[in-house]
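Numbering (my numbering), first residue to last: 7 to 121.
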C-alpha cells in the first residue's frame, strides 16, 4: 500500500471541487485561487477539465481542500530555478569558409534530430 500516507488517495477531483464550491461559492473560491475557470462563467465541468490539464492549479485546489478539511498538508516542494541562458547558449555562429566544408555535408539541425 503505497498511498497510506496520502490524504487525497481515493478522493476524486470532482468531489474536491464540489466541496470547495459548497464551502466558499465560486466568487470567494476565485479570490482564494486566482484562476479564470473559477472567475469567468464557472462550472464544475470546465473547472475539472482545466484542473486535469494544469498541474500547478490542481495542486492549489488540492491544498485548499486539505487545509479546509484540517487534513495533513503536503510538504512544500523545493524551489526549482532554471539557469538563465547566456547569449552564447542561445546564438549559433555560422561562418562560411572552406574549413567548415565537412560540416556542410551534415543535414540541417542534425544536432537536434540526432542524425
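Cβ coordinates follow ideal geometry from the N, Cα and C atoms, glycine included.
- Residue 78 sits close to residue 13, with the two beta carbons spaced by under 7 Å.
- Distance between residue 58 and residue 8, taken at the CA atoms: about 22 Å.
- Each residue's CA atom was taken as its position, placing residue 18 and residue 47 some 22 Å apart.
- For residue 84, there is no enclosing alpha helix (DSSP H), as DSSP marks it with neither H nor E.
- Here residue 22 carries a helix assignment [DSSP, helix/strand/coil].
- Excluding residues up to 5 positions away in sequence, 71 lie with their Cβ nearer than 7 Å to the Cβ of residue 25 in the same chain.
- Per DSSP, reduced to three states, the secondary structure at residue 75 is coil, with no helix or strand assignment.
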